[in-house]
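Trainee: Chains as they are written, first to last, in our numbering: chain H, 95 to 258; chain X, 2 to 221. Structure in structure tokens, see below.
Here it is in structure tokens:
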């Protein structure tokens with residue numbers, strides 16, 4: 095059995111403002127970079143291809159295409175080093191870990207988006223406002239007012255990663 | 002030198018001030034109390050005996066029972082003397098609890114424990130020998146020790162030659178581990194890196210010997 099003291103130590107480290115997102119979602123991580131004395135925010139935007147569990151040790155992997163080169167970055171989910179995580183689109187994926195994206199290039203590497211998820215449960219979440227904004231800005235997104243009926247997923251193709 | 006007896010709880014990771022994820026070993030020091038003292042007048046040296054963990058009455062010898070009764074403390078399962086100067090020892094009384102507040106964040110400590118038993122092991126695991134090439138015609142000699150001596154002179158193998166044998170279950174001290182955090186409330190000590198022994202094993206934590214030696218040299 096896992097000692098409760100470890101759980102206690104780990105629970106103290108948890109961030110309270112963890113954004114709700116899943117694999118397949120396109121997110122923007124506002125990572126804080128320290129340069130000498132100064133601190134600035136460096137966003138990293140891409141598809142979440144993996145989320146690992148484990149209290150304060152939980153991580154997620156974001157993949158993006160940068161100048162035609164795939165770049166993956168692993169972030170600790172409870173790291174104090176990021177300012178916030180913005181959910182740009184909700185992905186409609188069938189797998190928990192999207193490693194197959196590594197073998198795909200161009201149009202094939204896009205992830206289906208799930209519009210109703212973006213406006214549904216995410217509306218209550220703190221990250222909802224920027225997420226909805228981003229959806230509205232996307233050219234293919236439908237009218238935000240109409241909630242998609244069940245069984246009929248409002249699927250639209252949007253670029254999974256920022257095209258370099 | 003002051004110190005305490007603790008129990009290794011296990012390892013995890015925590016974020017430090019800079020947001021770096023640091024591997025830590027959690028040591029529980031609750032129930033660590035002073036059960037006796039050695040004084041220069043009576044014992045010709047100065048030390049404090051610390052006890053840790055609850056001992057069952059029936060497991061004690063009558064001599065131990067008497068000693069605990071005389072000291073007026075609860076029977077403890079683990080006992081260990083910590084040599085310290087008479088000044089340091091005089092500040093501690095029998096019955097006092099010794100908590101993790103003894104240490105502070107950022108301090109370097111030495112942690113002593115009994116390593117995990119590994120059974121009968123060959124020279125590669127036990128003594129970090131290199132072994133032989135896995136290919137290029139090596140025949141049944143991949144993990145062997147190689148030559149263990151000379152010829153007719155001396156005609157014997159030197160004592161303490163590193164050979165296969167039992168490995169583990171020995172006392173090992175890991176020096177200069179940084180104290181990452183001190184939780185005085187729950188009596189937990191977070192030490193950076195690994196500590197000898199298995200989880201639930203008994204460990205002894207003392208301030209770093211090297212740091213204090215360096216301080217002594219600086220004074221001179």
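Glycine included, C-beta positions come from ideal geometry on N, C-alpha and C.
Verify whether the separation of the beta carbon atoms of residue 192(X) and residue 112(X) is less than 8 Å.
Mentor: Result yes, Cβ atoms of residue 192(X) and residue 112(X) sit closer than 8 Å.
Trainee: Should residue 198(H) go down as buried or exposed, given a rule of 16 or more other Cβ atoms within 10 Å for buried?
Mentor: Residue environment analysis places residue 198(H) among the exposed positions, since fewer than 16 neighbouring C-beta atoms fall within 10 angstroms of its C-beta.
Trainee: Counting only runs of 3+ residues fully inside the stretch 102-170 of chain X, write out the beta strand (DSSP E) ranges in chain order.
Mentor: For the beta strand (DSSP E) assignment, the uninterrupted runs of no fewer than 3 residues enclosed by the stretch 102-170 of chain X are, from N- to C-terminal side, 109-115, 120-122 and 166-168.
Trainee: Out of 190(H), 163(H) and 112(H), point me to the one whose CA is closest to residue 150(H)'s CA.
Mentor: Looking at the Cα atoms, 112(H) is the closest of the given residues.
Trainee: Against chain X, with Cβ distances strictly below 8 Å, would residue 209(H) count as a contact?
Mentor: no
Trainee: Candidates 44(X), 136(X), 184(X) and 114(X): which alpha carbon is nearest residue 169(X)'s?
Mentor: 114(X)
Trainee: Using a Cβ cut-off of 8 Å, pull out every chain H residue sitting near residue 10(X), in sequence order please.
Mentor: 97, 99 and 100
Trainee: By how many angstroms is the C-alpha of residue 129(H) removed from the C-alpha of residue 232(X)?
Mentor: Residue 232(X) falls outside the range modelled here, since chain X spans only 2 to 221, and no answer is possible.
Trainee: Around the C-beta of residue 203(H), are 16 or more other C-beta atoms found within 10 angstroms, so that it is buried, or is it exposed?
Mentor: buried
Trainee: Please list the residues of the stretch 169-182 of chain H that have a C-beta atom closer than 8 Å to any C-beta atom in chain X, keeping them in chain order.
Mentor: 170, 172, 173, 174 and 175
Trainee: Between 118(H), 181(H), 168(H) and 176(H), which lies nearest to residue 194(H) when the distance is taken from Cα to Cα?
Mentor: Of 118(H), 181(H), 168(H) and 176(H), the residue nearest in Cα terms is 118(H).
Trainee: Do the stretch 29-37 of chain X and the stretch 90-103 of chain X touch if we need at least three Cβ pairs shorter than 8 Å?
Mentor: yes
Trainee: For the putative contact between residue 49(X) and residue 85(X), defined by C-beta atoms under 8 Å, what is the C-beta separation to the nearest angstrom?
Mentor: 6 Å
Trainee: Can you pull the chain X neighbours of residue 104(H), defined as C-beta to C-beta under 7 Å?
Mentor: 13
Trainee: In chain order, which alpha helix (DSSP H) runs of at least 4 residues are fully inside the stretch 61-87 of chain X?
Mentor: 63-72
Trainee: Quick check on residue 37(X): does DSSP put it in helix, strand or coil?
Mentor: Collapsing the DSSP output to three states places residue 37(X) in a strand.
Trainee: Along chain H, which residues have their Cβ under 9 Å away from the Cβ of residue 29(X)?
Mentor: What residue 29(X) touches in chain H: 97 and 99.
Trainee: Check each candidate in 196(X), 103(X), 208(X) and 125(X) and name the one with the smallest Cα separation from residue 117(X).
Mentor: Comparing Cα-Cα distances from residue 117(X) to each of 196(X), 103(X), 208(X) and 125(X), the minimum goes to 196(X).
Trainee: Taking all protein chains shown into account, decide if residue 172(H) is buried (16 or more other Cβ within 10 angstroms of its Cβ) or exposed.
Mentor: buried
Trainee: Can a CB atom of chain H be found closer than 8 Å to the CB of residue 107(X)?
Mentor: no
Trainee: Give me the residue from 126(X), 138(X), 186(X) and 153(X) with the minimum Cα distance to residue 164(X).
Mentor: Comparing Cα positions, the closest option is 126(X).
Trainee: What distance in whole Å lies between the Cβ atoms of residue 159(X) and residue 150(X), which are believed to be in contact at a cut-off of 8 Å?
Mentor: 7 Å
Trainee: Residue 150(H) CB to nearest chain X CB: under 8 Å?
Mentor: yes
Trainee: Does DSSP put residue 181(X) in a helix, in a strand, or in coil?
Mentor: strand
Trainee: Please report the Cβ distance between residue 121(H) and residue 165(H), rounded to the nearest whole angstrom; I am assuming they are in contact, meaning their Cβ atoms lie under 8 Å.
Mentor: About 14 Å; that fails the 8 Å criterion.
Trainee: Looking at chain X, is there any beta carbon in it that lies within less than 8 Å of the beta carbon of residue 136(H)?
Mentor: no
Trainee: Could you tell me which of 30(X), 156(X), 129(X) and 218(X) sits nearest to residue 79(X), measuring between CA atoms?
Mentor: 30(X)
Trainee: Name the chain H residues that come within less than 9 Å of residue 16(X), Cβ to Cβ?
Mentor: 107, 150, 170, 172, 173, 174 and 175
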